[in-house]
Amino acid sequence: MSRLLDRKLSRRRFLAASAATAAGAYALRWRPSATQEPQGAVRALVHDARHTAGELAGLAGGEPAALRSPFPFTHVGLHWKGEGPAEETAFELHTSEDGRSWSPWQHVHVEARPAETPRGETYGALVWAPRHRHAQYRASLPAAAAVSSVTATFINTVDGPLVETAGATPTPTGGDAPVTFSREAWGADESLRFNSDSEVWPRMYVPTKKLVVHHTVNRNNYANEREAQAEVRAIYTYHASTLGWGDIAYHVLVDRFGNSYEGRYGRELEGVREVLSPDVVGGHAAAHNFGSTAVALLGTFCSPEECPGGASPSAEMVARLKELLVRLCAAHAIDPQGSGDFLLSNDQWNRGLANICGHRDCNPTICPGAQVYELLGTIREEVAAQLANPSAPVAALTVFPAEETVTTGLAEYGWQAPGGADGLLYSYYLEGWYLPEDRSRLLYLRGFTDDRRPQWSDWVADTAVSFSGLPTGHHSFHLRARDANGVVSAYQESRTLLMATTLPASGDVNCDGATNSVDSLLVLQSNAGLLDSLPCPGSADVNLDGLINPIDATLILQYGAGLLESLPP
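The opening position of the sequence shown corresponds to residue 14 in the working numbering, with each subsequent residue numbered one higher.
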């Protein structure tokens, strides 16, 4: 198994490796801007002020509750914990420099719900403040709701110290750049991605099938690029540290000036860090993150009926959004006007989900706001017009599993060129992965290269293929065609199924003293050729005969070599 992406990466190792390789590697990818030098990371100032249940009881009576920051803050995020329908509590917030003159009350939009965060709280979106010191909030509680704590996280992403970033990347320039500002350029503090010994959010990779448009529900009146960068740093700090995610949830963000910002951290290959790394799993839409890429518009774009403070996206923002969608559709061979059933990470289906969709198509939310959502139809058409290639060959799947959930481990596929086109060659792969219940890591079953990219087959004239022995997991078949002139399909055909075979009995394969699904997954990895060896073969009672002996070791090694279809029950 490749250790490239599955090894634990410590903060110390990350910084050391970056420093050692940055000088030469990044020069291959970026050229410095003549007008802007790379900047160091800005270490955000962060402080939590909390009201506990007892303090909240003492504040009863309808008066706003006040909290104070020890430093002037540029953003404040309200989050709360409770029982019953407490997560549906409606909060309003305003801020003040001196505790006497207050900004207008602002509705607190919900950013994340308890099931989406490690701490089990409901998190409101960030509210901007011009270096204020005080915040007040008031709440409207549903019947039977009980709020046990309310916390204001005060953030300042402007006045904190600059921290040296090993291998800071110059700002990419030119119309061909995937992003205007890399993480290094907008000042990401990479230490937020780590706890004491490893990444908080290990990077995982699943081929992109859907592109999801969001709005960040922050202010619209940031005055320039410097202020827009401060907004991105605030979102990153809030997501990575306060919500406990370990990184920003989006893959790329766009400001009102038409600049784009690199989001989620991606691959590192031979010392070179990819910017806008393909297929890295984000955290932007509950249950929809494995197989989607998020583009977030910096601001609030709801209609007056949806929320106060919404605006129309600028022409520059919409133009950059379309440019990014063209790039992403081309990179992943996605039909911008297509749609299809999408298998969620919780094994449920989102039926007929548009390939370019809004967050509201995935989850119960107003995101990306009506003033953006109503543009998506036109945007799809314009993106398709830019990608159109009438001469490109097409391959259509004609044979595929009739059921979306399969228990036999068998999947057969057939295809043809519409209209009987001659001389076409085809390339395909079957993407397979399994997500354990704890979601701590992804098990790659098949169809991935060592650096977790799609592993396409050679170009062949065959028009059918079958797969057997497929283990439990998500399996998606991908197909494209190429004509005699070397022109490849503009869009790929794909179809997903859920394989629900039984996990093999295993015993304590990893020698942790427990026999559970982790052991079964290790056996599956070994069977798929993704492990050089099992952690301690022979230490488990694989054949469940009450003995741990060389027979168990032999069975495990045979299974891993593909000499056994299954381990003894």
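The beta-carbon is built from N, C-alpha and C at its ideal position, and this holds for glycine as well.
Between the C-alpha atoms of P449 and Y278, what's the straight-line distance to the nearest angstrom? The sequence position of residue 449 within the sequence shown is 436, counting from 1. The sequence position of residue 278 within the sequence shown is 265, counting from 1. The straight-line gap from Cα to Cα measures roughly 22 Å.
Specify, as a first and last residue, the run of the alpha helix (DSSP H) that W199 falls within. In the sequence shown, counting from the first residue as 1, residue 199 sits at position 186. R196 to W199 is the extent of the alpha helix (DSSP H) around W199.
Count the other CB atoms, across all protein chains shown, that sit within 10 Å of the CB of R452; report buried if there are 16 or more and exposed otherwise. As a first step, residue 452 is located in the sequence shown; it is residue number 439 there, counting from the start. By the 10 Å Cβ count, R452 comes out exposed.
Beta-bridge partners of V265, as assigned by DSSP: In the sequence shown, the residue the question calls residue 265 occupies position 252. Under DSSP, V265 forms a beta bridge with E275 and V308.
Quick one: what's N234 bridged to in DSSP? Translated into positions along the sequence shown, residue 234 becomes position 221. N234 pairs with nothing; no bridge assigned.
So, are the CB atoms of A138 and V288 less than 8 Å apart? Translated into positions along the sequence shown, residue 138 becomes position 125. Translated into positions along the sequence shown, residue 288 becomes position 275. Contact flag unset, no.
For the putative contact between W446 and G486, defined by C-beta atoms under 8 Å, what is the C-beta separation to the nearest angstrom? Here residue 446 refers to the residue found at position 433 when the sequence shown is read from its first residue. Here residue 486 refers to the residue found at position 473 when the sequence shown is read from its first residue. Contact holds; Cβ gap of about 6 Å.
Where does A32 fall in DSSP's three states? Along the sequence shown, read from residue 1 onward, the residue named residue 32 stands at position 19. Any answer about A32 is weak, because its pLDDT of 32 lies below 50 and its placement is not dependable; what the coordinates show is given next. A32 falls in the helix class under three-state DSSP.
Segment limits, beta strand (DSSP E) that includes C370: By one-based count along the sequence shown, residue 370 stands at place 357. For C370, the uninterrupted beta strand (DSSP E) segment begins and ends at I369 to G371.
Between the alpha carbons of L510 and L356, how many angstroms are there, rounded? Position 497 of the sequence shown, counted from the start, is the residue given in the question as residue 510. Position 343 of the sequence shown, counted from the start, is the residue given in the question as residue 356. When only Cα atoms are considered, L510 and L356 end up about 8 Å apart.
Taking only the alpha-carbon atoms, compute the straight-line gap between V293 and V265 and give it to the nearest angstrom. By 1-based counting over the sequence shown, the position of residue 293 is 280. By 1-based counting over the sequence shown, the position of residue 265 is 252. One C-alpha to the other measures close to 12 Å.
Measure the alpha-carbon distance for L224 versus P143 and round it to whole angstroms. Taking the sequence shown and counting its residues from 1, the one referred to as residue 224 is at position 211. Taking the sequence shown and counting its residues from 1, the one referred to as residue 143 is at position 130. Their backbone Cα atoms lie some 34 Å apart in a straight line.
Is the CB-CB distance between A66 and S209 below 8 Å? On the sequence shown, position 53 is the one that residue 66 refers to. On the sequence shown, position 196 is the one that residue 209 refers to. Contact flag unset, no.
I need the straight-line Cα distance from L557 to V536, nearest angstrom please. Reading the sequence shown from its first residue, position 544 is the one you call residue 557. Reading the sequence shown from its first residue, position 523 is the one you call residue 536. Rounded to whole angstroms, L557 to V536 spans 15 Å at the Cα level.
Which runs of the beta strand (DSSP E) fall wholly inside the region 109-180 and span at least 3 residues, in chain order? Counting whole runs of 3 or more residues, the region 109-180 contains the beta strand (DSSP E) stretches 123-125, 135-137, 140-153 and 159-169.
7 Å CB neighbourhood of D496 in its chain, flanking five on each side removed: By 1-based counting over the sequence shown, the position of residue 496 is 483. P406, G436 and L437.
Give the DSSP-derived three-state secondary structure of E394 in the structure shown. Position 381 of the sequence shown, counted from the first residue, corresponds to residue 394. Correct three-state label for E394: helix.
Can you find the residues in the same chain that come closer than 6 Å, C-beta to C-beta, to A397, ignoring five residues on each side of it along the sequence? As a position in the sequence shown, residue 397 is number 384, starting the count at 1. Hits under 6 Å: P349 and Q350.
Considering only the alpha carbon of each residue, which of I347, M330, S195 and F84 lies closest to T221? As a position in the sequence shown, residue 221 is number 208, starting the count at 1. When each option's Cα is compared against that of T221, the closest is I347.
Alpha carbon to alpha carbon, how far is P467 from A47? Give it in angstroms, no decimals. Working through the sequence shown from its first residue, we reach residue 47 at position 34. Working through the sequence shown from its first residue, we reach residue 467 at position 454. With a pLDDT of 33 at A47, under the threshold of 50, the modelled position of this residue cannot be trusted; read the value that follows with caution. Their backbone Cα atoms lie some 37 Å apart in a straight line.
Restricting to runs no shorter than 3 residues, where is the beta strand (DSSP E) found entirely within the region 430-507? 438-447, 456-459, 477-480 and 486-495
So what's T48 in DSSP terms, helix, strand or just coil? Along the sequence shown, read from residue 1 onward, the residue named residue 48 stands at position 35. Confidence is the limiting factor: at T48 the pLDDT is only 34, short of 50, which leaves the residue's position unreliable and the question unanswerable from this model.
Does the distance from the C-beta atom of R171 to that of W199 stay below 8 Å? As a position in the sequence shown, residue 171 is number 158, starting the count at 1. As a position in the sequence shown, residue 199 is number 186, starting the count at 1. The question names Arg, but residue 171 is Val in the sequence shown. Taking 8 Å as the Cβ cut-off, V171 and W199 do not qualify as a contacting pair.
Taking 8 Å as the threshold, find out whether the region 321-333 comes into contact with the region 253-272 through three or more Cβ pairs. yes
Touch test, the region 376-383 against the region 311-323, Cβ-Cβ under 8 Å, three pairs minimum: yes
Assuming V331 is part of the alpha helix (DSSP H), what are its boundary residues? Taking the first residue of the sequence shown as position 1, residue 331 is located at position 318. Its alpha helix (DSSP H) spans residues A328 to H345.
Delimiting residues of the beta strand (DSSP E) encompassing A78: Taking the sequence shown and counting its residues from 1, the one referred to as residue 78 is at position 65. Where A78 is concerned, the enclosing beta strand (DSSP E) stretches over A78 to E96.
Which residues mark the beginning and the end of the beta strand (DSSP E) in which A409 is found? Along the sequence shown, one-based indexing puts residue 409 at 396. Looking at the DSSP string, the run of the beta strand (DSSP E) that includes A409 is A409 to V412.
Taking the alpha-carbon positions, what's the Y457 to L106 distance? As a position in the sequence shown, residue 457 is number 444, starting the count at 1. As a position in the sequence shown, residue 106 is number 93, starting the count at 1. So the two alpha carbons sit approximately 45 Å from each other.
Any idea what DSSP makes of G427, helix, strand or coil? By 1-based counting over the sequence shown, the position of residue 427 is 414. Looking at G427 - three-state DSSP - the assignment turns out to be strand.
Cβ neighbours of A477 in the same chain (closer than 8 Å, five flanking residues each side left out): Counting from 1 along the sequence shown, the entry for residue 477 is found at position 464. Same-chain partners within the cutoff: V412, E425, Y426, G427 and W428.
So the candidates are L69, L58, W362 and A298; which of them puts its Cα closest to the Cα of R146? Taking the first residue of the sequence shown as 1, we reach residue 146 at position 133. That would be L58, whose Cα lies nearest to the Cα of R146.
What beta strand (DSSP E) runs, 3 residues minimum, are completely inside the region 197-228? 223-228
Just mark N169 as buried or exposed, buried being the case when its beta carbon has 16 or more other beta carbons within 10 Å. If you number the sequence shown from 1, residue 169 lands on position 156. Buried, since its Cβ has 16 or more Cβ neighbours within 10 Å.
Between T313, E110, L443 and R454, which lies nearest to Y235 when the distance is taken from Cα to Cα? Locating residue 235 in the sequence shown gives position 222, where the first residue counts as 1. Closest option to Y235, Cα to Cα, is T313.
Starting from the Cα of V123, find the closest Cα among H297, F303 and N302 and give me that residue. Residue numbering aside, residue 123 sits at position 110 when the sequence shown is read from its first letter. Taking only the C-alpha atoms, the option nearest V123 is H297.
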